[in-house]
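Each residue of the sequence shown is one higher than the last, beginning at 3 in this note's numbering.
All C-beta atoms, glycine included, are put in the ideal place defined by N, C-alpha and C.
Predicted, not measured: the structure shown is a model, and the values here were computed from it.
This report refers to the structure that appears directly beneath it.
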Amino acid sequence: MSLVKKFLFGKKISSPLIRLLALLIILLFVSSFFYYVIEIDGESMSPTLREGEVLFVDERAYEDKEPQRYDVVVFKLNEEKEEIVIKRIIGLPTETVLIKSGEILIDERKIKIIHGNGPVGKMMAGPYTILKNCYFVIGDNRSDSFFGIISKKDIIGKVIF
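Structure representation (structure tokens):
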């Protein structure tokens with residue numbers, strides 16, 4: 003941190019604004035090698051993520067560990083990456099997901115949904131048995147969200163807000 007302080011408040015570059023701008027350019031350059039930048043288009047993750055927000059996605063998040071329940075992930079709907087989607091992981095491999103009376107049950111046990119609003123749509127009733135290397139995802143805006151099972155290979159990365 004002292005190196006950053008010295009750079010930002012040192013005496014070699016006269017204007018703090020120029021130093022801050024230089025630091026931002028360096029951070030942007032470095033982050034472009036490690037993160038995918040995405041802009042929210044839609045309300046399916048509201049109120050957690052709002053339309054127009056810009057997010058950083060860690061493309062290396064799952065290289066050495068598995069996605070966890072409640073992670074917000076970005077994934078592709080097709081091989082060409084033409085449509086990118088953001089959802090929250092609710093179900094993990096080998097679990098069975100059932101939507102009953104607007105609530106989510108995992109292996110017949112109700113799970114506490116700490117993110118999102120409203121009951122889960124009836125169209126998603128299930129049950130869904132999640133295969134190995136697959137995950138059940140849903141948006142936080144339950145009234146404007148529908149999804150289901152995705153493959154780990156389609157996950158681009160984890161949202162790091």
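Could you pull the DSSP bridge partners for residue i from this structure?
i, result
"residue 165", "A query on residue 165 cannot be resolved here, the shown segment of the chain reaching from 3 to 163 and no further."
"residue 93", "138"
If you run the structure through DSSP and keep just helix, strand and coil, what is residue i?
i, result
"residue 153", "strand"
"residue 148", "coil"
"residue 111", "strand"
"residue 51", "coil"
"residue 162", "coil"
"residue 57", "strand"
"residue 42", "coil"
"residue 106", "strand"
Assign residue i to one of two classes, buried (16 or more other C-beta atoms within 10 Å of its C-beta) or exposed (fewer than that).
i, result
"residue 161", "buried"
"residue 39", "exposed"
"residue 54", "exposed"
"residue 144", "buried"
Measuring alpha carbon to alpha carbon, tell me which residue in the options is nearest residue i.
i, options, result
"residue 138", "156, 145 and 146", "156"
"residue 103", "112, 152 and 25", "112"
"residue 62", "36, 70 and 80", "36"
Decide yes or no for the touch test of the segment 70-78 against the segment 88-103: beta carbon pairs closer than 8 Å, at least 3 of them.
-> yes
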